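Peer 1: Dumping the structure here so I can ask a few things about it.
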Amino acid sequence: MKSEYNIAITGVGGQGILSLAKLIGNAALKEGKNVFMSEIHGLAQRGGAVTSELRIGDVHSPLIEGGEADVIVALEPVEAIRILNKASSKTYFLVNIKPIIPFTVSLGFSKYPDMDSILNILNGFGKSTIAFDAVELAEQAGSAISLNVVMLGALSTVSCIPVSENSILSAMELTFSKETFEVNKRAFDLGKSKALKLTNK
Amino acid sequence: MNVKKILEAGEEEKLFLLGNEAAVRGALESGVSVVSTYPGTPSSEIGNVFSKIAKHAGVYFEFSTNEKVAVEVAASAAASNLRSFVFMKHVGLNVAADSFMSTAYLGVNAGMVLLTADDPSMYSSQNEQDNRIYARLAGVPLLEPANPQEVKDFMKEAYGISEALHLPILFRTTTRVSHMRGVVEAGKIVPPKEKGFFNKAPSKYVPVPQNSRRMHKELIEKLEKAEEMANESILNKVFNFGNELAIITSGGAFNYVMDVVNEKKLPVKVLKLGFSYPFPEKLVKDFIKDSGKVFIVEEVEPVMEKEVLALIGREKLPNRVFGKLDGSISRIYEYTPDIVKESILKTLDKKSEKASLSESDLSLPSRPPVLCPGCPHRATYFAVKKAIKELGIDEKDVVFPSDIGCYTLGVQPPYETADFLLSMGASIGAGTGFAHSTTQKVIAFIGDSTFFHAGLPPLVNAVHNKANMIIVVLDNRTTAMTGRQPSPSEPINGMGEVAPEISIADVVKGIGVEFVKTVDPYNLKSTEEAFKEALQRKGLSVIIAKHPCALITDGEKRKRNFWVTFKVNQEKCTRCKVCITDLACPSFFVAEDESVHIDPLICDGCGVCTQVCPEHAIEVRK
């Protein structure tokens, strides 16, 4: 058994990728685990593709080796495909299927692939793929911004995830104000039950 | 986590900190009194945290106008017996180099640390220069931490070394260390001193030739002592698992080495150099004596590799050196776990484990960074292009020198308003060169913070040398790209205090520019008119395009909970797509049936598009 657990979180700058990774990191810290996380700032951020990598366990580097991600959380569907080189047949995919169309598509420089081809690739690839519209659930919880926490709720259901739901919730309590915690708790629960439903648990 | 926690955390408390945040805590645990910087990624968050906590911590903090000024502020504080901390991105040290070099000659009384955040692979920089070479150029000791805990701990060591040697310390991080988050155990905060005192000693502080000749000799003597310290330093560590290969590494590269050595249980030994200049030759010689093969794993230049080769040559040692120079590992870009693993296995003559990594055949749309929705620069670029077109000028006959900031993204289509870029402030100097070297029209773009950083001397030069050009100061009231730090054109400073606001228009007029116009780029018509007027006159014209960064106005709208967005009236829209092809606002998208829409979640509500649409088809969403 590997002594480390690797989570790659990807999406578009502004979707709350770093906040999501930080919540997991703080949950791991609460459990006394060693954790490293990589971030992207500055020019790399302005609406561009962003990935944050998180490694929990006895490791030194904040970057995941090719093929070694245990879980890939994609807040945007195309971005899951973009970091496929971090995945293997053992990887769990959690994917929000609501796309953000890059402006290069509107300008006619590139095309956005249809959702079926994206899901076909993911479904045949890793250990399992949980794909759903997380924006819809976030809106249902009270704010589209909570999309990242919906995905966190889904992540909490993945087997072998080395942080407990309790630790995640207490990291959320530390991070959010009382008001926003309520919205985010609802988002977490919606993401969690959606993932459980999709995996028939 | 609230950033105040970085100041308030008690001893032994564990925090999940960014390397840059750990640097702040390290400074606070070292009793630093004076802190200065000019923002630059990947170092920016250090200043962002200080600007929030400095007052409470009793530390003096400033966003200096540029890195050279920041070094001067820190050097004089250290001469006045106050510990000082100055930090910048790697290219910032080029700006500061003149004063930095002299600081090594003068030396310090209290400790002084200069953190340089290098950017291998250029995530947000124009080059990937390796600033470890600056330690050698100036003659100052160099420390290289590998993770946030080390960043904090090394800071404390750095002040001790600085004071033992009376030299400033160069503290080198890379993007992967500065922007790596990890568990950091806090130590004890040491309160800063309120004020120091400068004891005059011209022979020590004034490097006129008769003094500097002596100073250089003293510096060499200090470096000899520094090398002895490096040979014994606890910051240099040996991990011994066997003699098959001796790996010498530093900084972030160490992390990848250790992960592969642990995972594969390799019979090798690793020397991690945290105090890497002066190069600890005695330590290295001893480390490599039982291994025939030596592998140097470092980012970016073969700096330590050349030190090892020199040592081996001088001492006629039998070792063979592997590294960048013989092609054993990549010569450029940052390392990754895969690159380091592959090259170590190869050096050990082990089979490659390079699995065929998964990639899909699906062609993916590129997603480059773009100007934000509502960005005033977009409106300025639209207006200038329209003015050029309406005056019948061929765009080939207009050169756009650009500068460092968000607006450099104007290089992308459809704007294509960045033709030439060197460094901070260079748009005006380069523009002057184009004005005198060609018959083309010149329109130079520079941001407000960049204007104060390095735009003033070239502006004086342009006026005095009669450059025929247009300078556009894109005044978005902040240093936007690095995370919205205050610029001198705002009435607030780094301590969060009300501060004198420097008027760009007054400065430009004071230098002697006759044509100075301030426009609001959100008003396309008047902005376009100003450009037309400037394009039709001879001499130097300055247009100040003044509108706050959209991220500032978005914050205000969020606070007031008042956000107007726009939509396309499908009955009026003729699908000419000017809003997409010419304005290129990312909130617009084309549906499958070719109809044009605005995504209300992305729309900033700036309303610039309503002035662009020839059919007046863009309306307020009710």
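Those protein sequence lines, which keep their order, are chains A and B.
As numbered in my numbering, residues 1 to 201 make up the first sequence, in order.
As numbered in my numbering, residues 1001 to 1622 make up the second sequence, in order.
Cβ atoms here follow ideal geometry from the backbone N, Cα and C, with glycine treated the same way.
As the structure is a computational prediction, the values presented were derived from the model and not from experiment.
Since L107 (chain A) meets chain B, which of its residues come closer than 8 Å, beta carbon to beta carbon?
Peer 2: Taking the first residue of the first sequence as position 1, residue 107 (chain A) is located at position 107. Those are P1413, P1414, I1580, T1581 and A1584, listed as they occur along chain B.
Peer 1: Expressed to the nearest angstrom, what Euclidean distance is found between the alpha-carbon atoms of V1086 (chain B) and A1023 (chain B)?
Peer 2: As a position in the second sequence, residue 1086 (chain B) is number 86, starting the count at 1. As a position in the second sequence, residue 1023 (chain B) is number 23, starting the count at 1. Looking at the two C-alpha atoms, the distance is approximately 11 Å.
Peer 1: On the DSSP bridge assignment, give the partners of A8 (chain A) in chain order.
Peer 2: Counted from its first residue, the first sequence places residue 8 (chain A) at position 8. BP columns for A8 (chain A) point to A:E53 and A:I72.
Peer 1: What does the alpha-carbon distance come out to for the pair L23 (chain A) and S193 (chain A)?
Peer 2: Taking the first sequence and counting its residues from 1, the one referred to as residue 23 (chain A) is at position 23. Taking the first sequence and counting its residues from 1, the one referred to as residue 193 (chain A) is at position 193. L23 (chain A) and S193 (chain A): Cα-Cα distance of roughly 19 Å.
Peer 1: Does any C-beta atom of chain A lie closer than 9 Å to the C-beta of S1366 (chain B)?
Peer 2: In the second sequence, residue 1366 (chain B) corresponds to position 366, counting from 1. Judged by the 9 Å Cβ criterion, S1366 (chain B) is in contact with chain A.
Peer 1: What does DSSP give as the partner residue(s) for F36 (chain A) in the beta ladder?
Peer 2: Looking up residue 36 (chain A) in the first sequence gives position 36. Answer is A:R55 and B:G1182, bridged to F36 (chain A).
Peer 1: Pick out whichever of B:F1063, B:V1568 and B:N1211 has its Cα sitting closest to the Cα of P1202 (chain B).
Peer 2: Working through the second sequence from its first residue, we reach residue 1202 (chain B) at position 202. The candidate whose alpha carbon is nearest that of P1202 (chain B) is B:N1211.
Peer 1: CA-CA distance, F1295 (chain B) and N1255 (chain B)?
Peer 2: Here residue 1295 (chain B) refers to the residue found at position 295 of the second sequence. Here residue 1255 (chain B) refers to the residue found at position 255 of the second sequence. Roughly 15 Å separates the two Cα atoms.
Peer 1: Just confirm the distance between the C-beta atoms of S1178 (chain B) and A1117 (chain B), as a whole number of angstroms; I'd bet it's less than 8 Å.
Peer 2: Reading the second sequence from its first residue, position 178 is the one you call residue 1178 (chain B). Reading the second sequence from its first residue, position 117 is the one you call residue 1117 (chain B). Indeed, because the Cβ distance is near 5 Å, the residues count as touching under 8 Å.
Peer 1: Buried or exposed for P1141 (chain B), going by 16 or more other Cβ atoms inside 10 Å?
Peer 2: Along the second sequence, read from residue 1 onward, the residue named residue 1141 (chain B) stands at position 141. Buried.
Peer 1: When Cβ atoms are compared, which residues of the stretch 1017 to 1050 of chain B fall closer than 8 Å to chain A?
Peer 2: Within the stretch 1017 to 1050 of chain B, the residues whose Cβ lies closer than 8 Å to some Cβ of chain A are L1018, T1041, P1042, S1044 and E1045, listed in chain order.
Peer 1: How should P1373 (chain B) be labelled, buried or exposed, when 16 other C-beta atoms within 10 angstroms of its C-beta is the threshold for buried?
Peer 2: Locating residue 1373 (chain B) in the second sequence gives position 373, where the first residue counts as 1. Per the 10 Å Cβ criterion, buried.
Peer 1: When the Cα atoms are used, what is the spatial distance from F1400 (chain B) to A1387 (chain B)?
Peer 2: Counted from its first residue, the second sequence places residue 1400 (chain B) at position 400. Counted from its first residue, the second sequence places residue 1387 (chain B) at position 387. Taking the straight line from one Cα to the other gives about 14 Å.
Peer 1: What would DSSP say about V1463 (chain B), mapped onto helix, strand or coil?
Peer 2: Walking along the second sequence from the start, residue 1463 (chain B) turns up at place 463. Correct three-state label for V1463 (chain B): helix.
Peer 1: Kindly confirm or deny that the stretch 1514 to 1526 of chain B and the stretch 1080 to 1095 of chain B touch, where touching means at least three C-beta pairs closer than 8 Å.
Peer 2: The stretch 1514 to 1526 of chain B, when compared against the stretch 1080 to 1095 of chain B, does not touch it at the 8 Å Cβ threshold.
Peer 1: Please decide whether M1469 (chain B) counts as near chain A, where near means a Cβ-Cβ distance under 9 Å.
Peer 2: Along the second sequence, one-based indexing puts residue 1469 (chain B) at 469. No, M1469 (chain B) lies away from the interface with chain A (no Cβ there is under 9 Å from its Cβ).
Peer 1: Could you compute how far the alpha carbon of V1183 (chain B) sits from the alpha carbon of N1020 (chain B)?
Peer 2: Here residue 1183 (chain B) corresponds to residue number 183 of the second sequence, with the count starting at 1. Here residue 1020 (chain B) corresponds to residue number 20 of the second sequence, with the count starting at 1. Their backbone Cα atoms lie some 13 Å apart in a straight line.
Peer 1: For a minimum of 4 consecutive residues, which ranges assigned as the alpha helix (DSSP H) are wholly contained in the stretch 1077 to 1164 of chain B?
Peer 2: Entirely contained in the stretch 1077 to 1164 of chain B, the alpha helix (DSSP H) runs reaching 4 residues are, in chain order, 1092 to 1106 and 1132 to 1138.
Peer 1: Would you mind giving the Cβ-Cβ distance between L94 (chain A) and A154 (chain A), rounded to the nearest angstrom? I have them listed as a contact below 8 Å.
Peer 2: Numbered from its first residue, the first sequence carries residue 94 (chain A) at position 94. Numbered from its first residue, the first sequence carries residue 154 (chain A) at position 154. Correct: roughly 5 Å between the Cβ atoms.
Peer 1: Would a check of beta-carbon distances place F103 (chain A) closer than 9 Å to chain C?
Peer 2: The chain labelled as chain C is not found among the protein chains of the depicted structure, namely A and B.
Peer 1: Which residue marks the beginning of the alpha helix (DSSP H) containing Y92 (chain A), and which one marks its end?
Peer 2: Residue 92 (chain A) sits at position 92 when you count from the first residue of the first sequence. Note, Y92 (chain A): premise wrong, no alpha helix (DSSP H); beta strand (DSSP E) at Y92 to N96.
Peer 1: Suppose you measure from the CA of G1274 (chain B) to the CA of L1601 (chain B); what does that come to, to the nearest Å?
Peer 2: Taking the first residue of the second sequence as 1, we reach residue 1274 (chain B) at position 274. Taking the first residue of the second sequence as 1, we reach residue 1601 (chain B) at position 601. Roughly 47 Å between the two C-alpha positions.
Peer 1: Please determine, among B:S1036, B:T1041 and B:K1004, the residue with the shortest C-alpha to C-alpha distance to T1482 (chain B).
Peer 2: Translated into positions along the second sequence, residue 1482 (chain B) becomes position 482. Looking at the Cα atoms, B:T1041 is the closest of the given residues.
Peer 1: Determine the chain A residues that contact E1359 (chain B) at a beta-carbon separation under 8 Å, and present them in chain order.
Peer 2: As a first step, residue 1359 (chain B) must be located in the second sequence, where it is residue number 359. Simply L84 and N85.
Peer 1: Could you give the first and the last residue of the continuous alpha helix (DSSP H) run that contains N1561 (chain B)?
Peer 2: By 1-based counting over the second sequence, the position of residue 1561 (chain B) is 561. From DSSP, N1561 (chain B) is part of no alpha helix (DSSP H); its letter is neither H nor E.
Peer 1: Please list the partners that G57 (chain A) has in chain B, where partner means a Cβ-to-Cβ separation under 9 Å.
Peer 2: Taking the first residue of the first sequence as position 1, residue 57 (chain A) is located at position 57. By Cβ distance, chain B contributes nothing, its closest Cβ being about 11 Å from G57 (chain A), past 9 Å.
Peer 1: Can at least three beta-carbon pairs, one atom from the stretch 1402 to 1416 of chain B and one from the stretch 1377 to 1392 of chain B, be found at a separation below 8 Å?
Peer 2: Touching, yes, given that three or more Cβ pairs across the two stretches are closer than 8 Å.
Peer 1: Can you name the start and end residues of the beta strand (DSSP E) that T1320 (chain B) belongs to?
Peer 2: Within the second sequence, the letter at position 320 stands for residue 1320 (chain B). According to the sequence shown, residue 1320 (chain B) is Arg rather than Thr. Segment R1320 to F1322, the beta strand (DSSP E) holding R1320 (chain B).
Peer 1: Nearest CA to the CA of L1028 (chain B): which residue from B:A1110, B:L1137, B:P1191 and B:F1063?
Peer 2: Numbered from 1 along the second sequence, position 28 holds the residue referred to as residue 1028 (chain B). That would be B:P1191, whose Cα lies nearest to the Cα of L1028 (chain B).
Peer 1: Any Cβ of chain B within less than 9 Å of the Cβ of G66 (chain A)?
Peer 2: Numbered from 1 along the first sequence, position 66 holds the residue referred to as residue 66 (chain A). Interface residue, yes.
Peer 1: Answer yes or no: does any C-beta atom of chain B fall closer than 9 Å to that of P162 (chain A)?
Peer 2: The residue given as residue 162 (chain A) occupies position 162 in the first sequence. No, P162 (chain A) lies away from the interface with chain B (no Cβ there is under 9 Å from its Cβ).
Peer 1: Of all Cβ atoms in chain A, is any one closer than 9 Å to the Cβ of V1590 (chain B)?
Peer 2: Numbered from its first residue, the second sequence carries residue 1590 (chain B) at position 590. True, the Cβ-Cβ gap to chain A drops below 9 Å.
Peer 1: If we ignore side chains and look at the alpha-carbon of each, how far apart do A1454 (chain B) and G1092 (chain B) end up?
Peer 2: Translated into the one-based positions of the second sequence, residue 1454 (chain B) becomes position 454. Translated into the one-based positions of the second sequence, residue 1092 (chain B) becomes position 92. Roughly 11 Å between the two C-alpha positions.
Peer 1: Who are the Cβ neighbours of I1312 (chain B) in its own chain at under 6 Å, not counting the five residues just before and after it?
Peer 2: On the second sequence, position 312 is the one that residue 1312 (chain B) refers to. Within the same chain, I1312 (chain B) has close Cβ partners N1319.
Peer 1: Measuring alpha carbon to alpha carbon, tell me which residue in A:T91, A:E53, A:L20 and A:S128 is nearest V149 (chain A).
Peer 2: Here the question's residue 149 (chain A) lines up with position 149 in the first sequence. Residue A:L20 is the option with its Cα nearest to V149 (chain A).
Peer 1: Is there a Cβ from chain B that is less than 9 Å from the Cβ of S128 (chain A)?
Peer 2: Here residue 128 (chain A) corresponds to residue number 128 of the first sequence, with the count starting at 1. No - not a single Cβ of chain B is within 9 Å of the one on S128 (chain A).
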